[in-house]
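Undergrad: Got a structure for you, questions after.
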Amino acid sequence: MRYSKFLAVSVLLIGATSTSFAQEAADIVFTNAKVYTVNEDQPWAEAVAVAGNKIVYVGDAEGVKAYLGDDVEVYDLAGRTILPGFISAHDHFISSNWTIGGVQLFEYDTKEEVLRAIKEYAEANPDLKVIRGVGWSAGKFGGNPLATELDEAVPDRPAIMLDFTIHDAWLNTKAFEAGGVTKDSPDKLEGVSFWERDEDGNPTGVGVEGQWMKTFVDIGAWDADTMIPESINKLFPLAASNGLTAVQNTGIVTPNVTDTHGGMESDFEAALEYLHGLEENGELVLRTFPQPMFKNINADPKRFIDFTVKMRDKYNSDMLRVQSIKIHPEGNWVAEVAPFLEPYESGKTGSFNVRPDTIKDVFVEAAKQNIDGAAHSDSSGTARAVIDGIIAAKEVDPNSRSAIHHATWIHPDDQKKMIENKIPVNATPSFTTDWSNTDKDALRLLGEKRVETMFGKYQDFARAGNSVSIASDVPSTPAVMQAPMYVIEVATTNVQPEDPNSKAFPPNVEPMTIEQAIRSHTIEAAWQMRMEDKIGSLEVGKLADLVVLDRNPLEEDPSDLADVEVIATMMDGRFTYVNSEWLQREDLWGLRPHPRRTVP
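In mature numbering (1 follows the signal peptide of the UniProt record, and there is no 0), the protein residues as written are -22 to -1, 1 to 578.
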């Protein structure tokens, strides 16, 4: 028996019952731990034994001794905590790193600060052909910026800066020239995806809701052969270091994502082929469930589902599986292009980039093939269309688990309909706090009454018994906000951990309990991904996906949860991350050490 011990402190033993397979030799044993199983029949234990890629014992420290032997790796956790591996039901790790490259602008509050940072970055990188960046906010600027303003920071080559939502982009004059954008360049969809223009029709600097994506390609900023692997190789290990073991990648976000029957398909297939290679080589550090994305008003629902079925037939393992789809039917409410049932305070109404009848058709075609759907919903108008589509899918397949994602603004009538029909929800907690001026934008654009009655109600759905999962939605939040313990703190406080001036918002929404938030990042996400029988809780016979934490989050104040550190992450019985400061072991099979990421 090889015996390893985590550094530090006292052992706290908790009385627990034991469950196990008929005894078999274990490969790895964790003992003297606080094991929060997220299994209602056995919520706490002291020890876990793993054989191969399965859990073979969950119980007390005495009972696990039967699984010890000469070749067993034993980890005495000295009272530290084990949880099921965290699961994200909504992130974009596969290809989204291209959207978060370049100069980081999230922290700056004024246009002057943003321009100064861009200028310094451009001067420090004279060899870059295109200057990229991400994180500016029209709300902080008091409106969208101009190309001529960006020219002041980057006058000599194309520059393109994505906003903090990744929906809109700010270009300089050189980028317009290199991309061939003129007053005669057509908008994709009036009122939804378009160039902001002056009274003569000339683009002024900002492309709204993906209007800029083709230009991103045309100016030479996109390279699928390098950027897709680069994103996977950066964001997957980062997620593993934060305790994540599985992800539903809700659409492979490339500049071709709106080309539903062309570039979307080819980029999707290229990404899946690369991921399959990692799977075959034992190098895939997250269980990965990619979704094809439907984001085109003229795309054909049946053809889209036929492509999904083709991908499902090819990729259907517990490590890499295509089993569901993503619908993205709208723009961003902060840009006043997402459709609301009643106008914005400005009088604008927004509009769909996938019509309500098409949303329903996609859900129904999916249900005919036993495929679940996830739909982006950032406005009350979209929410109503998505809810109607999900109910229609349930009429075709009563076992459908199609879900509404983000659920940012939902009319009270539709909230009741969601509860009555037990519609699953995935929420992005930071989208409904005061992060990046969201509180001020919500009140300014939609008014106090709608904030009080419609905004950020995901915690209420959890209390009502709906399945609610939570996730970070990288890259629409920066990668430093991806950590599940960070997301859990936001869900249990309605406050942004990195901002000492953040205040709870919306003020009338009761946060989740810590137990609810942990469930939402484990077993609820697993259920939405049809994996609850294999992952999401620590039970004998399930796959060995778990995370070791430096302390018990259930004993922490919610405002301290983002500070809980990940000591180790195990997925499929192998370590995918180990914090070298904590773990005294050098021969971990398959281990690729990664530097510790901390919340600012």
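For every residue, glycine included, the Cβ atom is placed at its ideal position computed from N, Cα and C.
Start and end of the alpha helix (DSSP H) containing M490?
TA: The residue you call residue 490 lines up with position 512 of the sequence shown. Where M490 is concerned, there is no enclosing alpha helix (DSSP H), given that its DSSP letter is neither H nor E.
Undergrad: Report the rounded CA-to-CA distance for V186 versus G169, giving the unit in angstroms.
TA: Working through the sequence shown from its first residue, we reach residue 186 at position 208. Working through the sequence shown from its first residue, we reach residue 169 at position 191. Answer to the nearest angstrom: the Cα atoms are 9 Å apart.
Undergrad: Between which two residues does the alpha helix (DSSP H) carrying H254 extend?
TA: Sequence index remark: in the sequence shown, residue 254 carries index 276 (1-based). Residues 241 to 258.
Undergrad: Counting only runs that start and end within the segment 323 to 360, where is the beta strand (DSSP E) found for 3 or more residues in a row?
TA: 350 to 354
Undergrad: If V28 sits next to G551, beta carbons under 8 Å apart, how far is it from one beta carbon to the other, in whole angstroms?
TA: The residue labelled residue 28 in the question sits at position 50 within the sequence shown. The residue labelled residue 551 in the question sits at position 573 within the sequence shown. Indeed they touch by this definition, with Cβ atoms about 5 Å apart.
Undergrad: Among all the DSSP beta bridges, which residues are the ones paired with H383?
TA: To locate residue 383, count along the sequence shown from 1; it is residue 405. BP columns for H383 point to H354, N404.
Undergrad: Which first and last residues belong to the beta strand (DSSP E) in which Q226 is found?
TA: As a first step, residue 226 is located in the sequence shown; it is residue number 248 there, counting from the start. Where Q226 is concerned, the enclosing beta strand (DSSP E) stretches over 222 to 227.
Undergrad: Is E190 near A147, with beta carbons less than 8 Å apart?
TA: As a first step, residue 190 must be located in the sequence shown, where it is residue number 212. As a first step, residue 147 must be located in the sequence shown, where it is residue number 169. Here the sequence assigns Trp to residue 190, which means Glu is not the residue at that position. A contact, by the Cβ cut-off of 8 Å.
Undergrad: From the DSSP output, in three-state form, read off Y293 for me.
TA: As a working note, residue 293 is residue 315 in the sequence shown. Annotated three-state conformation of Y293 is coil, per DSSP.
Undergrad: Does DSSP put R575 in a helix, in a strand, or in coil?
TA: Looking up residue 575 in the sequence shown gives position 597. Bear in mind that a pLDDT of 24 at R575, under 50, signals an unreliable position, so the number given afterwards is only what the model happens to contain. Looking at R575 - three-state DSSP - the assignment turns out to be coil, as it is neither helix nor strand.
Undergrad: To which residues does DSSP link E130 through a beta bridge?
TA: For the purposes of this step, residue 130 is identified with residue 152 of the sequence shown, where counting begins at 1. None; E130 has no bridge partner.
Undergrad: With DSSP as the reference, identify every bridge partner of R529, one or two as the case may be.
TA: Taking the sequence shown and counting its residues from 1, one reaches residue 529 at position 551. Note: R529 sits in no beta bridge, so no partner.
Undergrad: Under 8 Å between the Cβ atoms of P62 and T500?
TA: Position 84 of the sequence shown, counted from the first residue, corresponds to residue 62. Position 522 of the sequence shown, counted from the first residue, corresponds to residue 500. In this structure, the beta-carbon distance from P62 to T500 falls below 8 Å.
Undergrad: Answer with buried or exposed for H389, where buried requires no fewer than 16 other C-beta atoms within 10 angstroms of its C-beta.
TA: In the sequence shown, residue 389 corresponds to position 411, counting from 1. By the 10 Å Cβ count, H389 comes out buried.
Undergrad: Which two residues bound the contiguous alpha helix (DSSP H) that contains M205?
TA: Locating residue 205 in the sequence shown gives position 227, counting from the first residue. 202 to 219 is the extent of the alpha helix (DSSP H) around M205.
Undergrad: Taking contact to mean at least 3 C-beta pairs separated by less than 8 Å, is the segment 240 to 254 in contact with the segment 88 to 99?
TA: no
Undergrad: Ignore the nearest five residues each way along the sequence and tell me which others in V212's own chain have a CB closer than 8 Å to its CB.
TA: On the sequence shown, position 234 is the one that residue 212 refers to. In the sequence on display, residue 212 carries Lys and not Val. Beyond the five residues adjoining it in sequence on each side, K212 comes within less than 8 Å, by CB distance, of N75 in the same chain, given in chain order.
Undergrad: Within a Cβ cutoff of 6 Å, which residues of the same chain sit near L527, ignoring the five residues on either side of it in sequence?
TA: Within the sequence shown, residue 527 is the residue found at index 549, counting from 1. For L527, where only same-chain residues beyond five positions count, the Cβ hits under 6 Å are T59, V542.
Undergrad: Determine the direct distance from the alpha carbon of A495 to that of Q301, and round the result to whole angstroms.
TA: Locating residue 301 in the sequence shown gives position 323, counting from the first residue. Locating residue 495 in the sequence shown gives position 517, counting from the first residue. In this structure, the alpha-carbon of Q301 lies about 25 Å from that of A495.
Undergrad: Roughly how far, in whole angstroms, is the beta-carbon of V36 from the beta-carbon of V50, given that I think they are within contact range, below 8 Å?
TA: Translated into positions along the sequence shown, residue 36 becomes position 58. Translated into positions along the sequence shown, residue 50 becomes position 72. At roughly 16 Å, the Cβ-Cβ gap does not stay under 8 Å, so V36 and V50 are not in contact.
Undergrad: Under 8 Å, do residue 579 and E430 count as touching if we go by C-beta distance?
TA: Within the shown structure, residues of the chain are numbered from -22 to 578, placing residue 579 beyond reach of any answer.
Undergrad: Pick helix, strand or coil for R563, following the three-state DSSP scheme.
TA: To locate residue 563, count along the sequence shown from 1; it is residue 585. With a pLDDT of 44 at R563, under the threshold of 50, the modelled position of this residue cannot be trusted; read the value that follows with caution. Three-state result, R563: coil.
Undergrad: Taking Cβ positions, are S295 and S73 nearer each other than 8 Å?
TA: Within the sequence shown, the letter at position 317 stands for residue 295. Within the sequence shown, the letter at position 95 stands for residue 73. Against a cut-off of 8 Å, the Cβ pair of S73 and S295 comes out as no contact.
Undergrad: Starting from D438 and walking both ways along the alpha helix (DSSP H), at which residues does that stretch end?
TA: Within the sequence shown, the letter at position 460 stands for residue 438. Counted as a single uninterrupted DSSP element, the alpha helix (DSSP H) harbouring D438 occupies residues 436 to 442.
Undergrad: For R110, count the other beta carbons within 10 Å of its own beta carbon; 16 or more makes it buried, fewer makes it exposed. Which is it?
TA: As a working note, residue 110 is residue 132 in the sequence shown. Buried: at least 16 other Cβ atoms inside 10 Å.
Undergrad: Can you look up V(-12) in the DSSP assignment and give me helix, strand or coil?
TA: As a working note, residue -12 is residue 11 in the sequence shown. Its pLDDT being 28, under 50, V(-12) is placed unreliably by the model, and the measurement read from it follows with that caveat. If DSSP states are grouped into helix, strand and coil, V(-12) belongs with coil.
Undergrad: Smallest Cα separation from D165: which of P376, T386, N331, F84?
TA: Within the sequence shown, the letter at position 187 stands for residue 165. Of the listed residues, the one whose Cα sits closest to D165 is N331.
Undergrad: Tell me, which residues are paired with F272 by DSSP?
TA: Indexing the sequence shown from 1 puts residue 272 at position 294. Beta-bridge pairing links F272 to I305.
Undergrad: Can you find the residues in the same chain that come closer than 6 Å, C-beta to C-beta, to W200, ignoring five residues on each side of it along the sequence?
TA: Reading the sequence shown from its first residue, position 222 is the one you call residue 200. Closer than 6 Å at Cβ, skipping near neighbours: F194, P233.
Undergrad: According to the Cβ coordinates, are P123 and V81 closer than 8 Å?
TA: For the purposes of this step, residue 123 is taken as residue 145 along the sequence shown, with counting starting at 1. For the purposes of this step, residue 81 is taken as residue 103 along the sequence shown, with counting starting at 1. Contact: no.
Undergrad: Going along the chain, which unbroken runs of the alpha helix (DSSP H) with 4 or more residues stay wholly within the segment 89 to 130?
TA: 89 to 102, 116 to 119
Undergrad: Can you check which of these residues, V473, D5, A503, is closest to P489 by C-alpha distance?
TA: The residue labelled residue 489 in the question sits at position 511 within the sequence shown. Out of V473, D5, A503, V473 has the C-alpha closest to the C-alpha of P489.
Undergrad: Take A504 and list the residues in its own chain whose beta-carbon comes closer than 6 Å to its own, dropping the five residues that flank it on each side.
TA: Position 526 of the sequence shown, counted from the start, is the residue given in the question as residue 504. Cβ within range, chain order: I65, E510, I513, G514.
Undergrad: How is T411 classed by DSSP in three states: helix, strand or coil?
TA: Reading the sequence shown from its first residue, position 433 is the one you call residue 411. Reduced to three states, the DSSP call for T411 is coil.
Undergrad: Leaving aside the five residues before and after W311 along the sequence, list all residues of the same chain whose C-beta is less than 6 Å from its C-beta, in chain order.
TA: Looking up residue 311 in the sequence shown gives position 333. For W311, where only same-chain residues beyond five positions count, the Cβ hits under 6 Å are D356, S357.
Undergrad: If you compare alpha carbons, which of A11, G188, S414 is closest to W114?
TA: Along the sequence shown, read from residue 1 onward, the residue named residue 114 stands at position 136. Comparing Cα positions, the closest option is S414.
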